[in-house]
Amino acid sequence: MKPPRRSLTHVHLRGYICTLMPSGLPELIDPWRCADSEAEFTGSLALARFPRLRDLLSEADGAVSFHLRFSRDSARRAVVRGDVRAALRLVCQRCLGPLEYMVEETFTLAPVQGLEEAHRLPDRYEPLLAVDEMVRPLELLEDELTDASPEARNL
């Protein structure tokens with residue numbers, strides 16, 4: 791299978807064209823069409839681009855590295871496999887000093903359009919809610935990073 795053709799502002803996935811952010815990551819994607827095209831996105835984004843995560847940080851310096859792979863499983867279900875990595879600069883809750891917390895998360899998601907569909911997913915998949923059949927990959931990455939932070943793990 792040929793890899794997707796890439797240009798500076800668009801990625802072509804078997805007739806599906808999406809506008810890219812400067813990082814090479816589309817702002818919005820249709821995860822089912824990306825799965826059909828076996829799309830992959832790899833890159834790096836500034837931590838400052840993640841507003842909800844930025845609120846947890848003492849400094850928003852640094853970058854987030856990511857890799858997203860879309861495919862279909864044996865049941866023809868759309869699947870997103872990915873990994874995300876970042877060094878988060880937090881405030882230690884014990885001493886209030888600076889703390890660098892390394893996040894390296896691997897995840898497997900299945901896009902769904904509602905809670906009923908999410909409840910029917912096999913245990914190996916986490917649901918990825920697609921609003922109007924679209925997903926914002928930046929928010930997907932931000933969710934994974936936020937969930938992996940010590941503040942989220944203490945909830």
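Its first residue numbered 791, the sequence shown is counted upward by one per residue in the numbering used here. Beta carbons are placed, not taken as given, at the ideal position from N, Cα and C, and that holds for glycine.
Item	Value
The region 903 to 913 in contact with the region 878 to 893 per 3-pair CB rule at 8 Å	no
Where Cys824 falls, given that 16 or more other Cβ within 10 Å makes a residue buried	buried
Cβ neighbour criterion (16 or more within 10 Å) applied to Ser827	buried
Limits of the unbroken alpha helix (DSSP H) element including Asp873	First-last for Asp873: 868 to 881, but that is the beta strand (DSSP E), not the alpha helix (DSSP H).
N-terminal and C-terminal residue of the beta strand (DSSP E) that Pro917 is part of	916 to 919
Proximal residues to Thr832 (C-beta, below 6 Å), its chain only, five neighbours per side dropped	His857
Alpha-carbon spacing of Ala853 relative to Val870, whole angstroms	22 Å
Bridge-paired residues (DSSP) for Thr936	According to DSSP, Thr936 bridges with nothing at all.
CB contact flag (Leu899, Glu916, <8 Å)	yes
Pick from Ala850, Leu935, Val925 that is closest to Pro888, judged by C-alpha positions	Ala850
Best match in Ser834, Asp913, Ile819, Leu919 for proximity to Asp873 [C-alpha to C-alpha]	Ser834
Whole-angstrom distance between Ala938 and Leu878, CA atom to CA atom	10 Å
From Pro821, Asp863, Val881, residue whose alpha carbon lies closest to that of Arg844	Val881
Buried versus exposed, by CB contacts within 10 Å (16 or more), Asp820	buried
From Glu830, Pro841, Ala920, Arg884, residue whose alpha carbon lies closest to that of Glu932	Pro841
Rounded Cβ spacing between Pro927 and Leu815 (contact assumed at less than 8 Å)	5 Å
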